[in-house]
Each structure stands twice: as C-alpha cells, then as structure tokens.
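FYI, in the working numbering the residues of the sequence shown are 238 to 714.
Yeah, the Cβ is synthetic: ideal placement off N, Cα and C, and Gly gets one too.
What follows is a set of notes on a single structure, which appears directly below.
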Amino acid sequence: MNSGTNRKDFCKQLALSSLAVIGHSMPKPPAAHGSDNQINWAGSVSLAEQSFVRSNSIPNQNLVISVKDYGAKGDGITDDTEHIQLAMQSNALIFFPSGNYLVSKTIYLQSLKNVHIWATGAILTNTTLTKHFFQIDQCEFVTITGGKYTRSGVPSASWPTDRHCFYFLNCMDVVVQNIFIDGSPGMGICIANGINVKIVDNIIKNTTRDGVYSHYSVNVLYSGNYLENITDDALSMHDYGFNAAKHRIQALGYSQAGNSIIANNRIKNTMRGIASIGLQSLIITGNVIEHVVNCGIEVFNTLESFEGPDAQVQDVVISDNLVSYACLKSHKILGKLQGDNNQGGAGKAAITVGSFGADYQYEVENKRLSNISLTGNMVNHSAADAYFLNNIDGLVFNNNTARNCNTSPFPPYTGYIVECWSCTDLCGFNNNVIDSNSPSNAIAGYRVRNTTGSIGGWMGSKYVVYPGSTTTPKVLY
Numbered sequence: 238m239n240s241g242t243n244r245k246d247f248c249k250q251l252a253l254s255s256l257a258v259i260g261h262s263m264p265k266p267p268a269a270h271g272s273d274n275q276i277n278w279a280g281s282v283s284l285a286e287q288s289f290v291r292s293n294s295i296p297n298q299n300l301v302i303s304v305k306d307y308g309a310k311g312d313g314i315t316d317d318t319e320h321i322q323l324a325m326q327s328n329a330l331i332f333f334p335s336g337n338y339l340v341s342k343t344i345y346l347q348s349l350k351n352v353h354i355w356a357t358g359a360i361l362t363n364t365t366l367t368k369h370f371f372q373i374d375q376c377e378f379v380t381i382t383g384g385k386y387t388r389s390g391v392p393s394a395s396w397p398t399d400r401h402c403f404y405f406l407n408c409m410d411v412v413v414q415n416i417f418i419d420g421s422p423g424m425g426i427c428i429a430n431g432i433n434v435k436i437v438d439n440i441i442k443n444t445t446r447d448g449v450y451s452h453y454s455v456n457v458l459y460s461g462n463y464l465e466n467i468t469d470d471a472l473s474m475h476d477y478g479f480n481a482a483k484h485r486i487q488a489l490g491y492s493q494a495g496n497s498i499i500a501n502n503r504i505k506n507t508m509r510g511i512a513s514i515g516l517q518s519l520i521i522t523g524n525v526i527e528h529v530v531n532c533g534i535e536v537f538n539t540l541e542s543f544e545g546p547d548a549q550v551q552d553v554v555i556s557d558n559l560v561s562y563a564c565l566k567s568h569k570i571l572g573k574l575q576g577d578n579n580q581g582g583a584g585k586a587a588i589t590v591g592s593f594g595a596d597y598q599y600e601v602e603n604k605r606l607s608n609i610s611l612t613g614n615m616v617n618h619s620a621a622d623a624y625f626l627n628n629i630d631g632l633v634f635n636n637n638t639a640r641n642c643n644t645s646p647f648p649p650y651t652g653y654i655v656e657c658w659s660c661t662d663l664c665g666f667n668n669n670v671i672d673s674n675s676p677s678n679a680i681a682g683y684r685v686r687n688t689t690g691s692i693g694g695w696m697g698s699k700y701v702v703y704p705g706s707t708t709t710p711k712v713l714y
C-alpha cells in the first residue's frame, strides 16, 4: 500500500469485514459530558448495578431447570455448591431464582454443548479466594446472562492470583452478557484459546488482575462493558507467539490471534486501560478511559522472550477513543497506592503503539508493526505523552487531538506531546495539540524522527522533524 488513500480504504474494509465475521453491528461511541469531554460517571453505574439484581424474568424456553429443583437454597447461609454443580450437567436453561447462593468450590462445566445460565436477579457468592468461581472447559454454545458474582472478602491489591471469576478454556461460541462481577482474586473473565466469544454489557469491578483477558483467541468482541478498580489491564487480548498454544485457531486458518473488536467500553481507575500484544486485525473504537496508571491504550509487539515467538501486530484500527488522566505517577486502586514512573515504557503515552522490551521499554525490540490507523482519538491531561508511535510500516495518523498533556515533568522521557519514531509511509494530517498548561512542560507539540511519509495540517504547538526523516512537507523549527 503506497498511498494514504489506499490505507484509508484498507482500514474501512478491515472494520466492515471484522464486524461481519463477528456478527455484531458497530455501536456508536458513548456520549461525553462535562469539561474536556469527560464522562459523568456518577449515578449511571449505580442504576445499572441495581438492574442486575432486580429483575428475575426468564426468556421463553421449552426446558428450564431451576437450581432449586436440585436442592439449592439461595438463602445466603447454606452451601449450595454441590446442588449447583448437579444442575450444571443438565442440557437445559439453568435458572437461578432470586436469592444469595453460597459456593465454596469451583463450579465446573466440561465438554458440554448448548449451555445457558440465567441468573438475572440472583447473587452468587464464592466463600474462598483460592479457587476459580466457574471453570468452563471444552464447551460450545455457552451463554451466561445476568447475576452478581462476588467473593466473601473483597480481594486486596496485594492478592493477585490465577483464580478467576470465569475461566473459559478451549471454548467456542460463548456469550457473557449483563453480569456483574464485584471482586476477584484473579481476573474477572479469562479466555484461553477461545473462538467466537462475545463479552457484552457487563460490569466488572475490583479485580486484582485483568478485568477481561484473552489469549490465542479469534473472533472476540468486548463491547458495552464498564470496568473499575482493576489492578492490571481492564481489557486485554494477546498472542505471545507460542505456536504450540495456537493449534485451535490455526486449524481454522488463522496464523495468530485477532480478528477482534474492543468497542464502546468505559474504563476507570485501572493500571492500564486496553492492552494488546501481537494481534492481527483488531479494532479499538469508541472507548472512554479515565484515570490509569500506565497507558490508556497500548498495542504492541514484545521482546522475543517467549518460546518460538512469531506474532507481530498488523491491521489495527484505533478510532474515536477518549483517554483522560493517563500515565499517572501514582493512583489508588483497591485501597493501595499504585505507582509507575516508568515513562520509558508502558507509561510513555496515553495511547502507545510500537515494539517494546521485556520490561515494556521502548527502543529495545526491533520487530515491526504494519498497517496501523489512528483517527479521531482524543487524549486529555496525560501526565506524559499523548501519543507515542514507533516501528510502524504503513501508519495513518489523522484527526487526533491532545489537550493539556505532559502535565508532570518526568525527565528525560517527556517534553513532546506527540511522538512518531522509525515509521514508514506515514499519512498524518489534521492533528491538533492544545497546551494551556502554565507553565508548559512541553518542548514542542510534535516530534517526528527517522520517519518517511507525508504530514500536514498539524495545529497547535510547533513540530520538529529530526534528521533521518523524509516527511513532506519538511518543516524544522
């Protein structure tokens, strides 16, 4: 692809084809309110939380099995683990009537098809922090709707484990919708080797690892979720390049994880907002991210520190996202002050796309990314850079805005608000840097280094083209 126009057409085609594969129409970006396009979080989430425990209607279904038919009490006193486990073996819609169901062990579903769990109006409480809540292995056509899932004793920030609320392993055609996870000693939802997975319209809070995580998975959708108080990535999708783990997706003709969408989620108070390693064909759009210790959005290749790594980021669209207050020096999550002054890596910019070393350091890993498009994004009040882009072949960077970034002087890594390093075939037009900080910590609004392509219509602070760049027009201040 030799022209910006062709890359724009490619990005549009990628968006349409990915949506067709997943079968979910692209929702509109969430409405923004208040100063600097900030979301007013108060009120809306509490109403949504109430909806998870109020309604107990169930859809029409020929065969509905109530867990109470198997002896579950739902009285908040009796251990209902064994009764719920028995009900899970039924090839039916498994219904949880309103109540509080205590669970002391992992609920297992294995090698099942056509499983529908309907828990709207119910609360399920796991009384241990040392086990998965649900483990779902080798299952197909699984739908989980509604319910609040919590732990007796909300985990602290110092309790990160691999004990997740929902753990899906080698599953296909999965939908998780309208659930409320409040507290997990590990991840909220973990998906390993998944195919055709939709995580939509959920609330996930207070997890000591990722809110929602997937690896070596294809055709995955995260949409309409609200995540808060996450001491790792709120939403993540990864391919670490370990070929032995990719036999399921390779059997379907995919060489690496991807063909996925992260759209219209709201994220607040996390270590990172959205993170993705090594994916091919990914759309990140319409997300609202606020108060994160590291990046709001990070898409990257990683150092060759895994056995047989071969996954390299390609064909990615990042559009119409709003990121505010990223790259913070410190921030309290789950009652503990989380700090990361690593401005040489994961805290380099609010939106970061590039290649990084084992400790997320830039200028360490040389693997290239290809066909990347960033359009219509806005970054407000990043403590470090707004955008950092490096090692990209075929980069579209148009109509993006940065407002009052570089708010914290962390030398030597800050000083420029938009940075583009070692990229080829750049098409960069109509971007805007607004810097009303007083005093300003920025040397310049833009820095372009060792990059080829075309730029123009950049508004706001002056930009710098370093020796080694052949962008046109070539401007040097």
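Relative to the C-alpha of Thr-318, which candidate in Ala-329, Asn-337 and Val-301 has its C-alpha closest?
Thr-318 has its Cα closest to that of Asn-337, out of Ala-329, Asn-337 and Val-301.
In this structure, what does DSSP give as the bridge partners for Met-615?
Note: Met-615 sits in a beta bridge opposite Leu-559 and Thr-638.
Taking the straight line between their C-alpha atoms, what separation do you get for Gly-308 and Gly-383?
The straight-line gap from Cα to Cα measures roughly 21 Å.
Using 9 Å as the threshold, is the C-beta distance between Gly-423 and Cys-408 below it?
Result no, Cβ atoms of Gly-423 and Cys-408 do not sit closer than 9 Å.
Considering only their Cβ atoms, is the gap separating Ile-440 from Tyr-463 smaller than 9 Å?
It is a contact, given that the beta carbons lie within the stated cut-off.
Out of Cys-532, Gly-515 and Asn-430, which has the shortest C-alpha to C-alpha gap to His-618?
Measuring from the Cα of His-618, the nearest candidate turns out to be Cys-532.
Can you tell me whether Tyr-703 is buried or exposed? The criterion is at least 16 other CB atoms within 10 Å of its CB, across all chains shown.
When all chains shown are included, Tyr-703 counts as exposed.
For Ser-341 and Lys-483, I'd like the C-alpha separation in whole angstroms.
Their backbone Cα atoms lie some 33 Å apart in a straight line.
Quick one: residues in its chain with C-beta nearer than 6 Å to the C-beta of Ile-331, no 5 flanking neighbours on either side, listed in chain order?
Cβ neighbours of Ile-331 beyond the five flanking positions: Ile-302, Ala-324 and Ile-354.
For Met-696, does the count of other Cβ atoms within 10 angstroms reach 16, so buried, or fall short, so exposed?
When all chains shown are included, Met-696 counts as exposed.
Measure the alpha-carbon distance for Asp-630 versus Thr-661 and round it to whole angstroms.
Whole-angstrom Cα-Cα distance: 5 Å.
Can you give me the Cβ contacts of Arg-485 inside the same chain, cut-off strictly under 7 Å, excluding the 5 residues immediately before and after it?
Within the same chain, Arg-485 has close Cβ partners Asn-407, Asn-430 and Ile-432.
Starting from the C-beta of Thr-638, find all residues in its chain whose C-beta is less than 6 Å away, skip the five residues before and the five after it, and write them out in chain order.
If we look at Thr-638 and ignore the five residues flanking it on each side, its Cβ neighbours are Met-615 and Asn-669.
Buried or exposed: Gly-390, going by 16 or more other Cβ atoms within 10 Å of its Cβ?
The residue in question, Gly-390, is exposed, as its Cβ has fewer than 16 Cβ neighbours within 10 Å.
Between the C-alpha atoms of Thr-707 and Ile-609, what's the straight-line distance to the nearest angstrom?
When rounded, the distance between both Cα atoms is 19 Å.
Taking only beta-carbon atoms, is Val-455 less than 9 Å away from chain B?
Reference to chain B is not applicable here, since this structure consists of a single protein chain.
Where does Gln-347 fall in DSSP's three states?
Strand, per DSSP.
Provide the residue span of the alpha helix (DSSP H) that contains His-528, from first to last.
It is not in any alpha helix (DSSP H) - His-528 instead sits in the beta strand (DSSP E) that spans 525-529.
So, with DSSP's three-state summary, where would you put Arg-509?
Strand.
Excluding the five sequence neighbours on either side, which residues of its own chain have a C-beta within less than 8 Å of the C-beta of Ser-272, listed in chain order?
Low local confidence applies: a pLDDT of 41 at Ser-272 is under 50, so the model's placement there is unreliable, and no value is given.
Roughly how many whole angstroms lie between the Cα atoms of Asn-506 and Phe-333?
If you take the alpha carbons of Asn-506 and Phe-333, they lie about 32 Å apart.
Roughly how many angstroms separate the alpha carbons of Lys-442 and Glu-465, rounded to a whole number?
Spanning the two alpha carbons is a distance of roughly 5 Å.
Could you check if Ala-488 is buried or exposed, using at least 16 other CB atoms within 10 Å of its CB as the buried criterion?
Flag for Ala-488 reads exposed.
Counting C-beta neighbours from all protein chains within 10 Å, is the total for Lys-385 16 or more, i.e. buried, or is it exposed?
When all chains shown are included, Lys-385 counts as buried.
With a floor of 3 residues, list each beta strand (DSSP E) that falls wholly inside the stretch 475-500, ordered by position along the chain.
Listed in chain order, they are 495-500.
Below 6 Å CB to CB, which residues in the same chain sit around Val-530 once its five sequence neighbours on both sides are set aside?
Excluding sequence neighbours, Val-530 sits near Met-508, Leu-565, His-568, Gln-575 and Asp-577.
Find the nearest neighbour of Thr-688 within the set Asn-678, Glu-656, Asp-312 and Ala-681, judged by alpha-carbon distance.
The candidate whose alpha carbon is nearest that of Thr-688 is Glu-656.
With DSSP as the reference, identify every bridge partner of Ile-514, one or two as the case may be.
Paired residues: His-475 and Phe-537.
Check each candidate in Arg-503, Arg-605 and Ile-526 and name the one with the smallest Cα separation from Asn-538.
Comparing Cα-Cα distances from Asn-538 to each of Arg-503, Arg-605 and Ile-526, the minimum goes to Arg-605.
With Gly-690 and Gly-665 assumed to form a contact (beta carbons below 8 Å), what rounded beta-carbon distance in angstroms separates them?
At roughly 7 Å, the Cβ-Cβ gap stays under 8 Å, so Gly-690 and Gly-665 are in contact.
For Asp-447, which option in Ser-454, Ile-467, Asp-438 and Val-455 has the closest C-alpha, if you only look at C-alpha atoms?
Of Ser-454, Ile-467, Asp-438 and Val-455, the residue nearest in Cα terms is Ile-467.
Which one of Ile-428, Val-413 and Thr-445 has the shortest CA to CA distance from Asp-438?
Closest option to Asp-438, Cα to Cα, is Val-413.
Compare the C-alpha of Leu-611 against each of Ile-570, Thr-522, Asn-628 and Asn-641 and name the closest.
For the residues Ile-570, Thr-522, Asn-628 and Asn-641, the minimum Cα distance to Leu-611 belongs to Thr-522.
Between the Cα of Leu-472 and the Cα atoms of His-452, Asp-374, Asn-674 and Ile-671, which residue gives the shortest distance?
Leu-472 has its Cα closest to that of His-452, out of His-452, Asp-374, Asn-674 and Ile-671.
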